[in-house]
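The structure under discussion appears below in the form of structure tokens.
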Amino acid sequence: MKSLKGRKLADSVSSVGSMILFLIFASCSLIIIAAGVSTYARISDNVNNTFTAATAVKYVTNKIRGCDRAVIEEGGRGIAVYNGELVCVIMSDAENIGERSGLADAYIDYVGGDIIFSNAHLRVEETEDGLFHIAVMARDEWSESYCRVRDSGGEDAEGL
65 MKSLKGRKLA
75 DSVSSVGSMI
85 LFLIFASCSL
95 IIIAAGVSTY
105 ARISDNVNNT
115 FTAATAVKYV
125 TNKIRGCDRA
135 VIEEGGRGIA
145 VYNGELVCVI
155 MSDAENIGER
165 SGLADAYIDY
175 VGGDIIFSNA
185 HLRVEETEDG
195 LFHIAVMARD
205 EWSESYCRVR
215 DSGGEDAEGL
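In structure tokens form, the structure reads like this:
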């Protein structure tokens with residue numbers, strides 16, 4: 065009889081020990097998964113911000129390289145890109161970069177338009193030697209480039 069009671073106690077201790085080990089394993093697994101999700105989210109956000117900034121800079125740079133004439137908005141938050149009888153206005157407010165197209169002889173303002181890049185901010189400057197400096201910030205990521213308006217002869221765009 066004594067051996068059965070001792071055996072029942074050993075079985076109970078073994079079962080409880082196994083349950084405790086399983087709970088420790090499950091808890092560690094959840095902690096590792098939570099850490100992985102956090103790391104993935106941070107990496108994903110950084111990649112998205114970098115991609116948005118780089119894509120916006122390339123978009124504006126290509127618009128400038130392909131145009132006949134470009135005029136920067138007074139505060140440097142936008143640019144009017146003229147191509148023949150059409151104008152494309154690319155502007156930035158506090159949160160987004162937008163674009164609007166129209167006829168070149170129409171009144172140009174830097175309000176409204178379609179949002180082409182959200183959570184991004186555009187800065188455009190013209191240097192003394194005629195280069196356009198384009199800088200875009202998407203959250204905390206900056207991307208910048210320099211370019212020129214295409215030659216008046218209509219040849220391919222030149223730029224840096």
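In the numbering used here, the protein residues as written are 65 to 224.
Beta carbons: idealized from backbone N, C-alpha and C, even for Gly.
Nearest neighbour of residue i, chosen from the options [CA to CA]
i	options	result
residue 165	122, 124, 146	146
residue 187	159, 107, 115, 151	159
residue 115	167, 205, 213	205
residue 117	180, 194, 151, 77	180
residue 123	148, 99, 152, 191	152
residue 207	71, 185, 79, 81	185
residue 130	148, 140, 141	148
Beta carbon proximity, residue i to chain B, threshold 7 Å
i	result
residue 97	Given the protein chain composition of this structure (a single chain), no chain B is represented.
Boundaries (first-last residue) of the beta strand (DSSP E) holding residue i
i	result
residue 213	No beta strand (DSSP E) contains residue 213, which DSSP labels as neither H nor E.
residue 150	150-156
residue 183	Counting along the chain, residue 183 falls outside any beta strand (DSSP E), and DSSP gives it neither H nor E.
residue 170	Residue 170 -> no beta strand (DSSP E), and no H or E assigned at all.
Pairwise C-alpha distance: residue j and residue i
i	j	result
residue 221	residue 92	Here the model assigns residue 221 a pLDDT of 40, short of 50, so the residue's position is not dependable, and the following value carries that caveat. Roughly 57 Å between the two C-alpha positions.
residue 189	residue 120	15 Å
residue 87	residue 112	37 Å
residue 177	residue 163	5 Å
residue 196	residue 138	14 Å
residue 224	residue 140	A caution first: residue 224 carries a pLDDT of 42, below 50, which makes its placement in the model too unreliable to give a value.
residue 132	residue 194	14 Å
residue 175	residue 156	9 Å
Beta-bridge partners of residue i, as assigned by DSSP
i	result
residue 136	143
residue 162	155, 179
residue 96	The partner list for residue 96 (beta bridge, DSSP) is empty, contrary to what the question assumes.
residue 83	Per DSSP, none; premise fails for residue 83.
For residue j and residue i, believed in contact at Cβ under 8 Å, the rounded distance
i	j	result
residue 154	residue 143	5 Å
residue 209	residue 198	5 Å
residue 150	residue 168	6 Å
residue 213	residue 161	Actually they are not in contact, since the Cβ atoms of residue 213 and residue 161 sit about 20 Å apart, beyond 8 Å.
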